[in-house]
Amino acid sequence: MPRTESLTDIPESDLQQLVGDFESEGATVTKKKQPDGNWTVEAQFP
1 MPRTESLTDI PESDLQQLVG DFESEGATVT KKKQPDGNWT VEAQFP
């Protein structure tokens, strides 16, 4: 059964590292910029 993790308030400086970590674990990652300039990241694992 697929699992989804959602993280909010991720600063721009941490975004690529976080996305890379999730992708290295096989997740499909989506990211959305928040109005305050931070990011929401969702990782869906198979």
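According to full-length UniProt numbering, the sequence shown is numbered sequentially starting from 1. Cβ coordinates follow ideal geometry from the N, Cα and C atoms, glycine included. Please read these numbers as outputs of a predicted model, since none were measured by experiment.
Asked, Found
"Local Cβ density within 10 Å of Phe22, reported as buried at 16 or more and exposed below that", "buried"
"Simplified DSSP state of Gln34, which is helix, strand or coil", "coil"
"Rounded Cβ spacing between Leu7 and Val41 (contact assumed at less than 8 Å)", "5 Å"
"Nearest-angstrom Cα separation, counted from Gln44 out to Gly26", "9 Å"
"Same chain, Cβ closer than 8 Å to Leu18, five either side skipped, listed in chain order", "Leu7, Ile10 and Val41"
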